[in-house]
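In terms of my numbering, the sequence shown is residues 133 to 319. Heads up, the beta-carbon is just placed ideally off N, CA and C, and yes, glycines get one too. Fair warning: this is a prediction, and the values are worked out from it, not measured in the lab.
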Amino acid sequence: MFFGCCCTEKEEGFDSLAVDEKETKLVKASPALKSSMAEDSGLMEQKNCYLVTLPRGPDGKPDIGVEKSDSDFLMIKKMTAGMSSWNESHPTSHQIGVFDRIVEVNGQAAPGKELGRILETPSTGDVTLLLQRPSTRVLTLKRPGKLGIIANYMPNYSLKPWIDTVADGLVADWNKAYPSENLPRKK
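What follows is the structure, encoded as structure tokens:
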């Protein structure tokens, strides 16, 4: 399995990085989900989404550990006491995990930077999050050819690089050959 990223701290303003064997270029990422899905349980299942409701602490903020290195997305970075408490009383399908993406906060979909502001603003009452679980695949790809993946990563801030977009290349060819196992592709 191959996964790589070629970047330096000098490129801190980028959103994501296209990596293949001959070319590296910066590209703008886009949200995984563009509209509210909290009401559509069929779409939520298809997109690996689930709802959680967490209490706010004495400071009015929810007890969650998020990664904010990408302005477009928020992702669960570490488990906290509040999240562990949620997991103890809910089935595995609705347990919060590291790398789960925050798609909505209290029914509001927005870029990660804005969702981060919403979570940081003290308020009363519980906070409801729509989370999206990451997809994992093991691919066997035949070289030569470009991979056609766009990895999202920021040195010193990101947990790990992750595939943000599948562009033309070996991975897109694999998607065509195995449509039921597809990695998401943005157009």
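How is residue i classed by DSSP in three states: helix, strand or coil?
| i | result |
| --- | --- |
| Val-184 | strand |
| Asn-284 | strand |
| Asp-296 | strand |
| Lys-245 | helix |
| Leu-291 | coil |
| Val-270 | coil |
| Thr-253 | coil |
| Val-303 | helix |
| Gly-214 | helix |
| Pro-276 | coil |
| Lys-308 | helix |
Alpha carbon to alpha carbon, how far is residue i from residue j?
| i | j | result |
| --- | --- | --- |
| Asn-238 | Thr-185 | 9 Å |
| Pro-276 | Thr-212 | 44 Å |
| Ile-282 | Ala-304 | 12 Å |
| Asp-300 | Pro-266 | 21 Å |
| Lys-210 | Asn-219 | 13 Å |
| Gly-280 | Leu-273 | 12 Å |
| Ile-196 | Leu-302 | 37 Å |
| Lys-278 | Asp-202 | 25 Å |
Mind checking residue i: buried by the 16 CB within 10 Å criterion, or exposed?
| i | result |
| --- | --- |
| Pro-223 | exposed |
| Pro-311 | exposed |
| Ala-309 | exposed |
| Asp-296 | buried |
| Leu-258 | Leu is not the amino acid found at residue 258; the sequence shown has Asp there. With fewer than 16 Cβ atoms within 10 Å of its Cβ, Asp-258 is classed as exposed. |
Apart from the five residues just before and just after residue i, which ones in its own chain have a Cβ nearer than 8 Å to its Cβ?
| i | result |
| --- | --- |
| Leu-206 | Val-198, Glu-199, Lys-200, Arg-233, Ile-234, Gly-244, Leu-247, Gly-248 and Leu-251 |
| Leu-263 | Cys-181, Tyr-182, Leu-183, Val-184, Ile-208, Ile-228, Asp-232, Arg-233, Ile-234 and Val-235 |
| His-226 | Tyr-182, Leu-183 and Val-184 |
| Val-230 | Ile-208, Lys-209, Lys-210, Met-211 and Leu-291 |
| Gly-214 | Leu-186, Pro-187, Gly-189, Pro-194, Asp-195 and Ile-196 |
Take residue i and list the residues in its own chain whose beta-carbon comes closer than 7 Å to its own, dropping the five residues that flank it on each side.
| i | result |
| --- | --- |
| Ser-216 | none |
| Asp-191 | Pro-254 |
Which whole-angstrom value is the C-beta distance of residue i and residue j, which I expect to be below 8 Å?
| i | j | result |
| --- | --- | --- |
| Thr-256 | Arg-188 | 7 Å |
| Pro-254 | Lys-292 | Actually they are not in contact, since the Cβ atoms of Pro-254 and Lys-292 sit about 31 Å apart, beyond 8 Å. |
Would you check whether the ligand MN has a heavy atom nearer than 7 Å to the C-beta of residue i?
| i | result |
| --- | --- |
| Gly-301 | In the structure on display, the ligand MN does not appear, and there are no ligands present to speak of. |
Quick one: residues in its chain with C-beta nearer than 6 Å to the C-beta of residue i, no 5 flanking neighbours on either side, listed in chain order?
| i | result |
| --- | --- |
| Ser-221 | none |
| Leu-271 | Trp-306 |
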